[in-house]
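Novice:
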Amino acid sequence: MSVGPDEEPLLAVRDLEVVFHTEREEIHAVDGVSFDIHEGETVGLVGESGSGKSVTARSILGLVDSPGSIEGGKIGFRGDDLTDDNWERHRGDIAIVFQDPSNSLNPVYTVGNQIKEALRIHQGIRGNEATERAVGLLEDVGIPDPRRRVEEYPHQLSGGMQQRAVIAMALACDPDLLVCDEPTTALDVTIQAQILDLLADLQREEDLAILFITHDMGVIEDATDRVNVIYAGEIVERAPTGMLFSEPAHPYTEALLRSIPGRTNAADRLPTIEGEVPTPTGQAEDCRFAPRCPYAFAECHETPPEHVDVGAERSAACLLHEDGSEEAAERTVFDGSEAVSGGDSA
Ligand code: SF4
């Protein structure tokens, strides 16, 4: 879906800072992250492991545990700043689906009882009405024979069915925003496709806004309207999904796209991004992607890039996009046919 620029976002994350204090160092896991989600929209947050995606998700739900804490920024939701201790007030309005459904379900309670608990807490629905709603929710998420399944325990369900049951529990809160944190990563590809279809159907039917968090660019392409690419705690590119895939503006996005199977002409080996995501232990003093970037030049190691508009509703944090950058002229836009070269060694 497309949204007008003047429309008030449902969720407005601004300059979010989440810091983990360990004995040895401070880790700035989320470092100045900003993005919006509008009503009924699916927005992606994509990056490698350790990039800060899940910490961002947990921050929105108020689930950052010690030794981590939110130390800056705002999380606006329906006019309230959640970081001003407004999570309880909006507890049922935002629900989350985690990667591993077996961790979200309590093994000693039936699936039905867990859904009914959510209905009682968030909607005040009890007794027979709650049982009927639980059956209806299991039916809505595509679980066959829901009247039997509602009486079953999590171990009696397959992994795909468990994730559907977790989504039913999330819907029992009647949320406006569903945060999906790698919801298909623990599932095989067939079940993954079914869960993606289910989320798309639910979004249309319920007019849900969805924040889709994943490392999988294929999932992002299938499931989202807009994308935020996150690297080492920072958003490095934001764009409508189609544009990001056809003409990525940030070298990290290019590299992620090249590593999707089937998108390059590389005959024998799938290109990978060499090196690892650095752990941000302080304020950025350079471009954190520079050690891995095939386009890096001297200034990249001395100057943290700011976001620059690179088109309608698009921006990228890369010095190549700054006015007058000589290096930009030499850069070629990814067309899916070349392999990534290594970064410089400065
Ligand atoms: S600022 Fe430099 S190192 Fe960073 S992504 Fe852009 S070209 Fe690469």
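Numbered as in the UniProt record's numbering, the sequence shown ends at 346 without a single skipped number.
Note that beta-carbon positions come from the ideal geometry of N, C-alpha and C, so glycine has one too.
Short check: CB of G282 to CB of E26, under 9 Å?
Specialist: For the purposes of this step, residue 282 is taken as the residue at position 282 of the sequence shown. For the purposes of this step, residue 26 is taken as the residue at position 26 of the sequence shown. Yes, they are a contact pair.
Novice: Pop quiz: residue 359 and E234 are said to be a contact at Cβ under 8 Å. What is the actual Cβ separation, rounded to whole angstroms?
Specialist: Because the chain here runs from 1 to 346, residue 359 falls outside it and cannot be looked at.
Novice: V14 bridges to which residues according to DSSP?
Specialist: Position 14 of the sequence shown holds residue 14. The question names Val, but residue 14 is Arg in the sequence shown. According to DSSP, which records beta bridges pairwise, R14 is partnered with K74.
Novice: Within 8 Å, do at least three Cβ pairs link the region 176-187 to the region 107-125?
Specialist: no
Novice: I'd like the span of the alpha helix (DSSP H) that includes D197, first residue to last.
Specialist: Position 197 of the sequence shown, counted from the first residue, corresponds to residue 197. First-last of the alpha helix (DSSP H) with D197: V189 to E206.
Novice: Classify G242 as helix, strand or coil using the three-state DSSP reduction.
Specialist: Numbered from 1 along the sequence shown, position 242 holds the residue referred to as residue 242. Here G242 sits in helix by DSSP.
Novice: Name the residue from C300, E205 and L208 whose alpha carbon lies nearest to the alpha carbon of P251.
Specialist: Counted from its first residue, the sequence shown places residue 251 at position 251. When each option's Cα is compared against that of P251, the closest is C300.
Novice: By the 10 Å Cβ neighbour count, where 16 or more other Cβ atoms means buried, how is S315 classified, buried or exposed?
Specialist: For this step, residue 315 is matched to residue 315 along the sequence shown. Under this definition S315 is a buried residue.
Novice: For the ligand PLP, is there any heavy atom lying closer than 8 Å to the beta carbon of A290?
Specialist: Questions concerning the ligand PLP fall outside what the structure shown contains, since the ligands it does hold are the ligand SF4.
Novice: Of the residues V219, E117 and L211, which one's Cα is nearest the Cα of D197?
Specialist: As a position in the sequence shown, residue 197 is number 197, starting the count at 1. Ranking V219, E117 and L211 by Cα distance to D197 puts V219 first.
Novice: Could you check the C-alpha separation between Q192 and R164 for me, to the nearest Å?
Specialist: Position 192 of the sequence shown holds residue 192. Position 164 of the sequence shown holds residue 164. The straight-line gap from Cα to Cα measures roughly 11 Å.
Novice: Can you say whether H155 is buried or exposed, counting buried as having 16 or more other CB atoms within 10 angstroms of its CB?
Specialist: Along the sequence shown, read from residue 1 onward, the residue named residue 155 stands at position 155. So H155 counts as exposed.
Novice: From the DSSP output, in three-state form, read off D100 for me.
Specialist: The residue you call residue 100 lines up with position 100 of the sequence shown. Three-state DSSP puts D100 in coil, outside helix and strand.
Novice: Using a threshold of 9 Å, state whether the C-beta atoms of I75 and A12 are closer than that.
Specialist: Working through the sequence shown from its first residue, we reach residue 75 at position 75. Working through the sequence shown from its first residue, we reach residue 12 at position 12. Closer than 9 Å, so yes.
Novice: Quick one: what does DSSP say H155 is sitting in, helix, strand or coil?
Specialist: Here residue 155 is taken as the residue at index 155 of the sequence shown, counted from 1. In this structure, H155 counts as helix in the three-state DSSP scheme.
Novice: Tell me whether A296 counts as near the ligand SF4, meaning its Cβ is closer than 8 Å to at least one heavy atom of that ligand.
Specialist: The residue you call residue 296 lines up with position 296 of the sequence shown. Flag set: Cβ of A296 near the ligand SF4.
Novice: Taking a contact to mean a Cβ-Cβ separation below 9 Å, would you say L45 touches N228 in this structure?
Specialist: Position 45 of the sequence shown, counted from the first residue, corresponds to residue 45. Position 228 of the sequence shown, counted from the first residue, corresponds to residue 228. Yes; because the gap between Cβ atoms is below 9 Å, this pair is in contact.
Novice: For the beta strand (DSSP E) containing Y231, list its first residue and its last residue.
Specialist: Taking the sequence shown and counting its residues from 1, one reaches residue 231 at position 231. Where Y231 is concerned, the enclosing beta strand (DSSP E) stretches over R226 to Y231.
Novice: Going by the beta-carbon positions, is the gap between T42 and A209 smaller than 9 Å?
Specialist: Numbered from its first residue, the sequence shown carries residue 42 at position 42. Numbered from its first residue, the sequence shown carries residue 209 at position 209. Yes, Cβ-Cβ distance for T42 and A209 is below 9 Å.
Novice: Which residues does DSSP pair with I210 in a beta bridge?
Specialist: Against the sequence shown, residue 210 aligns to sequence position 210. Bridge partners of I210: T42 and L178.
Novice: Based on the DSSP output, what are the partners of S315 in its beta bridges?
Specialist: Translated into the one-based positions of the sequence shown, residue 315 becomes position 315. BP columns for S315 point to R238 and D309.
Novice: Can you tell me where the beta strand (DSSP E) with E26 in it begins and where it stops?
Specialist: By one-based count along the sequence shown, residue 26 stands at place 26. First-last of the beta strand (DSSP E) with E26: E26 to I37.
Novice: Out of curiosity, what's the CA-to-CA distance linking G336 and F245?
Specialist: The count along the sequence shown starts at 1 and reaches residue 336 at position 336. The count along the sequence shown starts at 1 and reaches residue 245 at position 245. In this predicted model, G336 has a pLDDT of only 41, less than 50, meaning its place in the structure is not dependable enough to derive any value.
Novice: Among H21, E48, G40 and L119, which has the Cα closest to the Cα of E71?
Specialist: For the purposes of this step, residue 71 is taken as the residue at position 71 of the sequence shown. Comparing Cα positions, the closest option is H21.
Novice: State yes or no: is the C-beta of H307 nearer than 8 Å to some heavy atom of the ligand SF4?
Specialist: Counting from 1 along the sequence shown, the entry for residue 307 is found at position 307. No, Cβ of H307 sits at least 8 Å from all heavy atoms of the ligand SF4.
Novice: May I ask you to check if the CB of Y252 is nearer than 8 Å to at least one heavy atom of the ligand SF4?
Specialist: Translated into positions along the sequence shown, residue 252 becomes position 252. It does: the Cβ of Y252 is within 8 Å (strictly closer) of some heavy atom of the ligand SF4.
Novice: With respect to 8 Å, is the separation between the Cβ of L320 and the closest non-hydrogen atom of the ligand SF4 below this value?
Specialist: Looking up residue 320 in the sequence shown gives position 320. L320: yes, Cβ under 8 Å from the ligand SF4.
Novice: Can you name the start and end residues of the alpha helix (DSSP H) that Q114 belongs to?
Specialist: The sequence position of residue 114 within the sequence shown is 114, counting from 1. Taken as a continuous stretch (DSSP letters only), the alpha helix (DSSP H) holding Q114 covers V111 to Q123.
Novice: Under DSSP, the alpha helix (DSSP H) around D140 begins and ends at which residues?
Specialist: On the sequence shown, position 140 is the one that residue 140 refers to. D140 -> alpha helix (DSSP H) spans G127 to D140.
Novice: Touching or not, the region 131-150 and the region 106-120, by the rule of three or more beta carbon pairs under 8 Å?
Specialist: yes
Novice: Check each candidate in I167, T279, L320 and L256 and name the one with the smallest Cα separation from P271.
Specialist: On the sequence shown, residue 271 is found 271 positions in, with the first residue counted as 1. Considering only alpha carbons, the answer is L256.
Novice: Less than 9 Å separating the beta-carbons of Q194 and S102?
Specialist: The residue labelled residue 194 in the question sits at position 194 within the sequence shown. The residue labelled residue 102 in the question sits at position 102 within the sequence shown. Cβ atoms of Q194 and S102: not closer than 9 Å.
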